[in-house]
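Using this note's numbering, the first residue of the sequence shown is number 2, and each one after it goes up by one. Where a beta carbon is used, it is the ideal one built from N, C-alpha and C, also for glycine. Accompanying notes for the structure given below.
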Amino acid sequence: MSADFLEQVSTHKNKVSCSAVATVAGVSQATVSRVLHSDPSVTPETTARVRKVIEEMGYLPRPSLTHWSKNVGLKTHNIAFLARGESLRALERAPIMLDVLRGVESTLQDHGLCMLQGAVAENRDMPPMIRNKQVDGAIIWPDLQGMSSALIEALRPLPLVYLMGGQETRLPGDRIQPNNKAIGTLAADYLVSRGHKHVAYLVIPDFVRRLGERWQAFSYFAEQKGATVSQILLNTKDLELTDVDNEEVSRSIGQDLRTAMEQEPHPTGLFISADGLTAHAYPHLKKMGFQIGSDIEIISCNSESAFLIGLDPKPKSISLQGELIGRRAVEQLLLNIQHGQAKDTFYTVEIDPQLH
2 MSADFLEQVS
12 THKNKVSCSA
22 VATVAGVSQA
32 TVSRVLHSDP
42 SVTPETTARV
52 RKVIEEMGYL
62 PRPSLTHWSK
72 NVGLKTHNIA
82 FLARGESLRA
92 LERAPIMLDV
102 LRGVESTLQD
112 HGLCMLQGAV
122 AENRDMPPMI
132 RNKQVDGAII
142 WPDLQGMSSA
152 LIEALRPLPL
162 VYLMGGQETR
172 LPGDRIQPNN
182 KAIGTLAADY
192 LVSRGHKHVA
202 YLVIPDFVRR
212 LGERWQAFSY
222 FAEQKGATVS
232 QILLNTKDLE
242 LTDVDNEEVS
252 RSIGQDLRTA
262 MEQEPHPTGL
272 FISADGLTAH
282 AYPHLKKMGF
292 QIGSDIEIIS
302 CNSESAFLIG
312 LDPKPKSISL
322 QGELIGRRAV
332 EQLLLNIQHG
342 QAKDTFYTVE
352 IDPQLH
């Protein structure tokens with residue numbers, strides 16, 4: 002980031018979010034960040050537009066970790082990673098979290114810090130590291146929904162960051178998450194560019210609540226390009242995406258999928274919201290007589306090789322860049338530790354996806 006440009010934006014006192022700048026400039030938050038860091042990969046036209054919006058809105062960037070001091074704000078040199086669930090096995094239900102944790106752990110190690118993992122649940126005892134004040138901050142996945150007031154109050158003094166989840170109104174904080182609008186747009190663009198006029202989004206109820214922007218962007222972009230769009234909502238509750246051999250789950254998915262695909266015209270392009278769901282859907286589509294790759298084309302999401310490796314043909318999958326999400330969560334938390342957690346301004350950092 003150039004010193005002159007930083008000096009210009011630093012003179013403004015208004016509190017404006019990176020998200021607001023991105024919306025007005027018509028770019029992603031990642032692009033705003035690249036402009037602030039003078040990334041040459043951003044076109045001169047986009048750079049000029051973003052900088053103009055920054056100056057007009059009075060956006061003040063957060064300090065960077067360039068001058069990070071290991072002694073500022075740290076007492077224990079431990080960081081908590083808290084997963085909502087009865088145990089840490091909750092992480093197994095989201096294989097993408099292996100990449101996220103890799104990013105968290107490696108970045109903490111780079112800064113000479115340790116990660117202490119714990120599970121939090123409504124009827125579970127508070128993790129000793131929190132009760133005994135053994136950490137300097139916390140990364141929370143995905144949120145604190147349903148947690149006890151005692152846990153909320155124990156966490157309140159700590160700098161914290163929410164990872165790939167929603168806000169907790171009782172304890173708001175910064176969030177690091179995938180850019181769901183960009184994911185939906187990328188999926189729609191891929192299918193429409195391949196000539197598909199009838200496309201659909203296959204999703205489970207839990208994802209509808211958490212990933213609403215993904216569907217909105219997918220449907221909007223596809224419709225703008227002249228395609229008809231539908232949503233296939235599977236009625237399976239508490240779907241265990243990692244259990245591809247569960248006959249009850251498979252049977253329920255098969256029934257819902259058959260009902261949707263029997264309608265005319267049926268979609269020829271299918272965006273499936275997670276690779277685990279794609280692994281469930283493949284055998285049912287084949288049993289219905291669809292030749293995947295010719296009769297119907299699939300683009301999946303999460304780029305989780307454990308689910309994709311046995312699929313033939315292997316579908317395209319959108320990478321959420323889990324490791325980058327993990328790294329960025331640590332960086333944001335360290336900023337909060339060093340400079341203090343804001344009391345009334347919270348940042349949402351969105352990581353742009355990649356097509357694999």
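Let me know the secondary structure DSSP gives residue i once reduced to three states.
| i | result |
| --- | --- |
| residue 79 | strand |
| residue 323 | helix |
| residue 45 | helix |
| residue 40 | coil |
| residue 225 | helix |
| residue 206 | helix |
| residue 265 | coil |
| residue 270 | strand |
| residue 351 | strand |
| residue 317 | strand |
| residue 74 | coil |
| residue 127 | coil |
| residue 177 | strand |
| residue 298 | strand |
| residue 277 | helix |
| residue 119 | strand |
| residue 231 | strand |
| residue 283 | helix |
| residue 28 | coil |
| residue 136 | coil |
| residue 15 | Low confidence applies here, because residue 15 scores a pLDDT of 41, under 50, leaving its location unreliable; read the following figure in that light. Coil. |
| residue 199 | strand |
| residue 6 | Annotation note: pLDDT 40 at residue 6 (below 50); position unreliable, no value reported. |
| residue 157 | coil |
Applying the 10 Å Cβ sphere with the 16-neighbour rule, what's the burial state of residue i?
| i | result |
| --- | --- |
| residue 215 | buried |
| residue 158 | exposed |
| residue 108 | buried |
| residue 313 | exposed |
| residue 316 | buried |
| residue 279 | buried |
| residue 32 | buried |
| residue 81 | buried |
| residue 269 | buried |
| residue 124 | exposed |
| residue 53 | exposed |
| residue 160 | buried |
| residue 342 | buried |
| residue 320 | buried |
| residue 9 | Annotation note: pLDDT 39 at residue 9 (below 50); position unreliable, coordinate value reported separately. Residue 9 should be labelled exposed. |
| residue 304 | buried |
| residue 42 | exposed |
| residue 15 | The pLDDT assigned to residue 15 is 41, lower than 50, so where the model puts this residue is not dependable; a value taken from the coordinates is nonetheless given after this. When all chains shown are included, residue 15 counts as exposed. |
| residue 332 | buried |
| residue 264 | exposed |
| residue 34 | buried |
If you check the beta carbons only, do residue i and residue j fall under 8 Å apart?
| i | j | result |
| --- | --- | --- |
| residue 297 | residue 271 | yes |
| residue 185 | residue 222 | yes |
| residue 92 | residue 128 | no |
| residue 218 | residue 193 | no |
| residue 318 | residue 345 | no |
| residue 356 | residue 187 | yes |
| residue 181 | residue 152 | no |
| residue 354 | residue 179 | yes |
| residue 75 | residue 137 | yes |
| residue 164 | residue 142 | yes |
| residue 254 | residue 281 | yes |
| residue 135 | residue 77 | yes |
| residue 347 | residue 174 | yes |
| residue 324 | residue 101 | yes |
Figure out for me which residue from the options has the closest Cα to the Cα of residue i.
| i | options | result |
| --- | --- | --- |
| residue 55 | 41, 78, 27 | 27 |
| residue 301 | 283, 290, 289, 295 | 283 |
| residue 337 | 176, 323, 171, 279 | 176 |
| residue 252 | 288, 172, 198 | 288 |
| residue 162 | 105, 211, 260 | 105 |
| residue 201 | 212, 210, 189, 211 | 189 |
| residue 231 | 95, 212, 266 | 266 |
| residue 122 | 89, 187, 23 | 89 |
| residue 306 | 86, 99, 37 | 99 |
| residue 170 | 261, 233, 329, 146 | 146 |
| residue 198 | 205, 77, 225, 111 | 225 |
| residue 111 | 335, 191, 51 | 335 |
| residue 259 | 249, 210, 274, 291 | 291 |
| residue 233 | 274, 114, 115 | 274 |
| residue 126 | 144, 113, 155, 285 | 155 |
| residue 329 | 183, 103, 195, 40 | 103 |
| residue 322 | 60, 195, 96, 79 | 96 |
| residue 262 | 248, 286, 250, 50 | 286 |
I think residue i touches residue j, with their Cβ atoms under 8 Å apart; what is that distance to the nearest whole Å?
| i | j | result |
| --- | --- | --- |
| residue 351 | residue 29 | 6 Å |
| residue 139 | residue 86 | About 15 Å; that fails the 8 Å criterion. |
| residue 36 | residue 24 | With a Cβ gap of about 15 Å, residue 36 and residue 24 do not count as contacting. |
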